[in-house]
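Undergrad: If you read the protein sequences in the order shown, they are chains A and B. Start counting at 1 in the first sequence, then tack on 112, and there's your number in the working numbering. Start counting at 1 in the second sequence, then tack on 2, and there's your number in the working numbering. In this text, a Cβ means the ideal position worked out from N, Cα and C, and glycines have one as well. Since this is a predicted model, take the numbers as computed values, not measurements.
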Amino acid sequence: MRVGIPRTLSFFTLYPLLKPFFDGLGVEVVVSPASNKALLDEGVKDTVNDACVPIKLFHGHVVALKDKVDVLFMPRIISLDGKNTLCPKFLGLPDMVKYSVSNLPEIIETRLDMKKGKMEIYRFLYRVGKRFTDNKVKILRAIWHARYKFSRYRKLLLKGLTPEEAFTCLHTGQEPPHKEQSGQIKLAVLGYPYTIYDDYISVGLLDMLREQGVRVYTAEMVPEEAMKRMSKKLPKNLFWYYSNRVVWGSQYYINEQNIDGIIHVTAFSCGPDSMTNKLVELEAKQHQPKIPFLTITVDEHTGEAGVATRVEAFVDLIKRKKGII
Amino acid sequence: MKISFPYMGTSHIVVSYLFEKLGFEVIYPPTPSKRTLSLGVQYAPEFACLPFKIVLGTYLEVVEKGAEILITSGGCGPCRAGYYGELHKRILHDLGYPVEMIVIEPPLVEPLDFLRKLHKIVKPKGIFNLLHYGRIALEKLKALDVVESTLHELRPLALDKQQINQAYIEGLELIRQADSVKEVIEAKKAALEMLESVPADHTFKPLRIGLIGEIYVVLEPAANHDIERLLGERGAYVHRSIFLANWTRDNVLAHGEKDIRAMAIPYLNQMVGGHGQNSVGEVVRYAEEGFDGVIQLAPFTCIPEIVAKSIMPAVSRDKNIPVMTLFLDEQTGQAGIETRIEAFLDLLWQKRKKQEAS
Numbered sequence: 113m114r115v116g117i118p119r120t121l122s123f124f125t126l127y128p129l130l131k132p133f134f135d136g137l138g139v140e141v142v143v144s145p146a147s148n149k150a151l152l153d154e155g156v157k158d159t160v161n162d163a164c165v166p167i168k169l170f171h172g173h174v175v176a177l178k179d180k181v182d183v184l185f186m187p188r189i190i191s192l193d194g195k196n197t198l199c200p201k202f203l204g205l206p207d208m209v210k211y212s213v214s215n216l217p218e219i220i221e222t223r224l225d226m227k228k229g230k231m232e233i234y235r236f237l238y239r240v241g242k243r244f245t246d247n248k249v250k251i252l253r254a255i256w257h258a259r260y261k262f263s264r265y266r267k268l269l270l271k272g273l274t275p276e277e278a279f280t281c282l283h284t285g286q287e288p289p290h291k292e293q294s295g296q297i298k299l300a301v302l303g304y305p306y307t308i309y310d311d312y313i314s315v316g317l318l319d320m321l322r323e324q325g326v327r328v329y330t331a332e333m334v335p336e337e338a339m340k341r342m343s344k345k346l347p348k349n350l351f352w353y354y355s356n357r358v359v360w361g362s363q364y365y366i367n368e369q370n371i372d373g374i375i376h377v378t379a380f381s382c383g384p385d386s387m388t389n390k391l392v393e394l395e396a397k398q399h400q401p402k403i404p405f406l407t408i409t410v411d412e413h414t415g416e417a418g419v420a421t422r423v424e425a426f427v428d429l430i431k432r433k434k435g436i437i
Numbered sequence: 003m004k005i006s007f008p009y010m011g012t013s014h015i016v017v018s019y020l021f022e023k024l025g026f027e028v029i030y031p032p033t034p035s036k037r038t039l040s041l042g043v044q045y046a047p048e049f050a051c052l053p054f055k056i057v058l059g060t061y062l063e064v065v066e067k068g069a070e071i072l073i074t075s076g077g078c079g080p081c082r083a084g085y086y087g088e089l090h091k092r093i094l095h096d097l098g099y100p101v102e103m104i105v106i107e108p109p110l111v112e113p114l115d116f117l118r119k120l121h122k123i124v125k126p127k128g129i130f131n132l133l134h135y136g137r138i139a140l141e142k143l144k145a146l147d148v149v150e151s152t153l154h155e156l157r158p159l160a161l162d163k164q165q166i167n168q169a170y171i172e173g174l175e176l177i178r179q180a181d182s183v184k185e186v187i188e189a190k191k192a193a194l195e196m197l198e199s200v201p202a203d204h205t206f207k208p209l210r211i212g213l214i215g216e217i218y219v220v221l222e223p224a225a226n227h228d229i230e231r232l233l234g235e236r237g238a239y240v241h242r243s244i245f246l247a248n249w250t251r252d253n254v255l256a257h258g259e260k261d262i263r264a265m266a267i268p269y270l271n272q273m274v275g276g277h278g279q280n281s282v283g284e285v286v287r288y289a290e291e292g293f294d295g296v297i298q299l300a301p302f303t304c305i306p307e308i309v310a311k312s313i314m315p316a317v318s319r320d321k322n323i324p325v326m327t328l329f330l331d332e333q334t335g336q337a338g339i340e341t342r343i344e345a346f347l348d349l350l351w352q353k354r355k356k357q358e359a360s
C-alpha cells in the first residue's frame, strides 16, 4: 500500500506528523518531487485560470502522484489552531481537485477541524489510520511516535532551520548543524510556508538574501508564546491561520526585534493576502521609525532576474540607510 | 452627526430612510461612477475584490462631503469581506480622514457587540422610534424586492424597453417617498401598475436565466454593468438568487438557506465562505426548475466563487444546464460583457430549438 502526499500547501506544516505516522502503520509514503516547471505546467492545464499559483501547483503535484500511489492523502483542513480557519481554497481543495483532475486514485479527504478541541488532531489521525488497519494498538503507537517527531520538528524550525533541513535532521536522527546567521542587516521574510520555502515558487529568495549578507527571519522562527501575545494587539484579527501568522510575525519583528525591513512574499491574486499585505504595510508605515517594506508578488511567470533586481535594490537601500555602504 | 453607508443596489433607499428617522443627518452615497471606482482603485490593495474598491471609493466621496460616521457590516470569515470594515477604516485614517467606523458584526455571532453598537445608533430617539420606523423600512425592503422581480418578469416581454425601465425608476421614487406602512403598500401597488401598463407581448416565451454569485456584484448594477437590464433587453427573463429582504432574513436574523446548501452537498460538502456553496446549490436548483441557463457573477480574485467555479463544470454536465462565469474587475468593459452575453443567449436559443424539434 502506497500513500501519496503532494509536496506543497500544508505539506510544510504537517509532513513531519504524517511521515512517522504512516511509517508506524507500515504504509509506504510517496512524496511528489520538488516543484518544477513541468509540474506547474501540468497543474495550470487542469486548474481554473482564476486560482493562485500554489493551488495550480498543488494540482500539478497531484497529477505527478496519481499513477504512482494507491491512495492520495488530501485532508480537508478547516482549522489548525482551533480559532481561525484556513483560506477557503483549502476548505474546498478536495472538491476542486476531484472535479478538475481525471483518473484519480482513492482520495483520503478526512476533515481536520481543531475547533472541535485539542484532542482533535489525534482523533483525526485515528480516523485516517482506520482506513489502513483495524489494529487499534498499532494506530495508537503510530500516533504516539508521530507526536514526538512533530514537536521536535517545531523546535527545529524555531532554531532557524528550513523545513527541508529539519526533515533531514528528523529522518537521519542527526543533531541539527549549529546555524548562526551572519550578515549586517536583519530582514523579516514573511509569507506562507508553501511560497517562501518552495524554492521554485519563490525563485530561491531566501538563499538570494543570505548571499547578500542578510540575516533572514521568517514567521516559523517566532516562538509560540510571542505569537499569542501579538494576537491580542490588533483590534480585529484576520480569519485565516497562515495569514494571521504572517501578521503576528510582522508585529513581533517590528515591535520586539528591531528588524531593518520586511519583505512580504505573496502569490498573484491571493485573496487573503490582499488584506494581509495592506495590514502589514500600514503597520510598518505607522511604526516609529518607519520600517522599509517590500512586496514580492509571484506567479507562474515569475523570473529569477526580476525578483533579484528588486531584492538587491531593496537590500542596498537598507544598507545605505544604515551607513554600511 | 453626519452618517453615511456603502451603496449597494436599491438598499440605499431603505437604509437612508431608516437613519434619517433615527435622527441622523444622512450624507447620501452617490451612485458608483467611474470616479468612485478610480478613487477606490487608487487606495485599495491591488488584489482586493471589486466590492472593496467600489465601497472604498464611495467612502472617499462621502467623507469629502463631510460624513463623520460610516456604518457597514462585518463578518467572521472565511470570506474576506468580513474584514473590509476594519481595513477601510485603517486606510481612511492613514489618508487623514478621522471618520468613525461602526462595523456591525453578525448579531448571532457577537450579540453583546451588536447590542452595544445598536444602542449607539438608536440612542438619539429611543427604541420605540426604531421599532416603528424599522417596520416601515422592512416593508420598503419587501416592496422593492417585489417591484424588482416584477420588472425582471416583464422586461423581456415589453415592446418598448426604455419605457419599462423608466416606469421602474418612477416606481422606486414612489417607494422612496412613502412614509408609513400603508403608504408603502400603496406605492408598491402603484409601481406594479405602472410596470404592467407598459405594452407587452405576453405570447413571447423568454429564455429563463438564473443569476448567481457574490452578493455585491449581483445586486449592484454599477459593478455588473447592469447585466439584468442587458439580459432583459435581449429577451431573457432573469431570476436573481439573492434579494435584499430574503438575504437579510436568512443571514442577519437567522441561519437560513439550509435547503440550498443541502443541494450543494453532493458536490461541495463544506461551507467555503461568501456565497460559494450557495452558488453550487443554486445551479442544482435552477436545473431542477427547468431554467435554460445560469450566469455566475463574481469579482476577480473572489476565493469562494473560484472554488465554486472549479466545481461548476461537473454540476453543469451532470444536470445538463449551461453555466457561464463572469469575473468582474475594474478593467471589465461593457462591450466585452455584451459580447459574451449575446453569444451565451444565442447558444441557449439554439439549444431550446433543438429540444423543441425533438
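Between the alpha carbons of A/Asn-215 and A/Lys-178, how many angstroms are there, rounded?
TA: 8 Å
Undergrad: Please check if any C-beta of chain A sits within less than 8 Å of the C-beta of B/Asp-96.
TA: yes
Undergrad: Are B/Pro-31 and B/Phe-49 touching if we call contact CB-CB under 8 Å?
TA: Against a cut-off of 8 Å, the Cβ pair of B/Phe-49 and B/Pro-31 comes out as no contact.
Undergrad: Taking 8 Å as the threshold (beta carbon to beta carbon), is A/Lys-348 in contact with chain B?
TA: yes
Undergrad: Measure the alpha-carbon distance for A/Trp-256 versus A/Leu-184 and round it to whole angstroms.
TA: Using only the alpha carbons, I get a separation of about 23 Å.
Undergrad: Inspect the beta-carbon positions of B/Leu-350 and B/Leu-209 and report whether they are closer than 8 Å.
TA: Contact check for B/Leu-350 against B/Leu-209 passes: the beta carbons are separated by less than 8 Å.
Undergrad: What whole-angstrom Cβ distance do A/Leu-282 and A/Lys-261 have, given they're in contact under 8 Å?
TA: 6 Å
Undergrad: Below 8 Å on C-beta distance, what does B/Gly-84 contact in chain A?
TA: Phe-351
Undergrad: Which one of A/Glu-336, A/Ser-381 and A/Thr-125 has the shortest CA to CA distance from A/Trp-360?
TA: A/Glu-336
Undergrad: Using the C-alpha atoms, what's the distance from B/Leu-24 back to B/Ile-123?
TA: Cα to Cα, B/Ile-123 sits roughly 8 Å from B/Leu-24.
Undergrad: Count the other CB atoms, across all protein chains shown, that sit within 10 Å of the CB of B/Met-3; report buried if there are 16 or more and exposed otherwise.
TA: exposed
Undergrad: A/Ser-212: which of B/Phe-245, B/Ile-308 and B/Pro-223 sits nearest, CA to CA?
TA: It is B/Ile-308.
Undergrad: Return the chain-ordered list of same chain residues with a C-beta closer than 6 Å to the C-beta of B/Leu-143, the five sequence neighbours on each side being excluded.
TA: Cβ within range, chain order: Val-16, Leu-246 and Ala-247.
Undergrad: Which residue spans inside the region 380-428 of chain A form an unbroken alpha helix (DSSP H) run of at least 4?
TA: 383-398
Undergrad: Check the Cβ-Cβ distances between A/Met-186 and every residue of chain B, and say whether any is below 8 Å.
TA: no
Undergrad: Would you check if the distance between the CB atom of A/Glu-218 and the CB atom of A/Asp-182 is smaller than 8 Å?
TA: yes
Undergrad: Note down, in chain order, every chain A residue with its Cβ under 7 Å from the Cβ of B/Tyr-269.
TA: Asp-207
Undergrad: Hey, out of A/Glu-395, A/Arg-235 and A/Ile-437, whose CA is closest to A/Val-358's CA?
TA: A/Glu-395
Undergrad: Please state the DSSP three-state secondary structure of B/Phe-245.
TA: coil
Undergrad: Would the region 265-279 of chain B count as touching the region 198-212 of chain A if we require 3 or more Cβ pairs under 8 Å?
TA: yes
Undergrad: Helix, strand or coil for A/Ile-345 per DSSP?
TA: According to the sequence as given, residue 345 of chain A is Lys; it is not Ile. If DSSP states are grouped into helix, strand and coil, A/Lys-345 belongs with coil.
Undergrad: Using the beta-carbon of each residue, which ones in chain B are nearer than 8 Å to A/Met-387?
TA: Pro-47, Ala-50, Arg-82, Tyr-85 and Leu-89
Undergrad: So, is the C-beta of A/Tyr-306 closer than 8 Å to a C-beta in chain B?
TA: no
Undergrad: Using the C-alpha atoms, what's the distance from B/Asp-294 back to B/Lys-207?
TA: 12 Å
Undergrad: Counting only beta-carbon atoms, is A/Leu-216 nearer than 8 Å to chain B?
TA: no
Undergrad: What in chain B is Cβ-close to A/Lys-180, meaning under 9 Å?
TA: Neighbours of A/Lys-180 on chain B: none; closest Cβ ~24 Å, over 9 Å.
Undergrad: With A/Pro-132 and A/Ala-258 assumed to form a contact (beta carbons below 8 Å), what rounded beta-carbon distance in angstroms separates them?
TA: 4 Å
Undergrad: Could you tell me which uninterrupted alpha helix (DSSP H) segments, each at least 4 residues in length, are contained entirely in the region 51-125 of chain B, listed from first to last along the chain?
TA: 52-66, 86-96 and 113-124
Undergrad: Decide if B/Lys-311 is buried, meaning its Cβ has at least 16 other Cβ atoms within 10 Å, or exposed.
TA: buried
Undergrad: Give the DSSP-derived three-state secondary structure of A/Lys-149 in the structure shown.
TA: helix
Undergrad: At the 8 Å Cβ level, is A/Pro-401 part of the contact set with chain B, yes or no?
TA: no
Undergrad: Short check: CB of B/Ile-244 to CB of B/Val-219, under 8 Å?
TA: No, the pair does not count as a contact, with Cβ atoms beyond the cut-off.
Undergrad: From B/Asp-181 to B/Asp-228, what does the alpha carbon distance come to, in whole angstroms?
TA: Computed Cα separation, rounded: 29 Å.
Undergrad: Which runs of the beta strand (DSSP E) fall wholly inside the region 215-299 of chain A and span at least 3 residues, in chain order?
TA: 218-220 and 223-225
Undergrad: Among the residues of its own chain, which have a CB less than 6 Å from the CB of B/Gly-42, if the five just before and after it don't count?
TA: Lys-55, Ile-56, Leu-58 and Gly-59
Undergrad: If we cut at 8 Å on Cβ distances, does B/Lys-311 have a partner in chain A?
TA: yes
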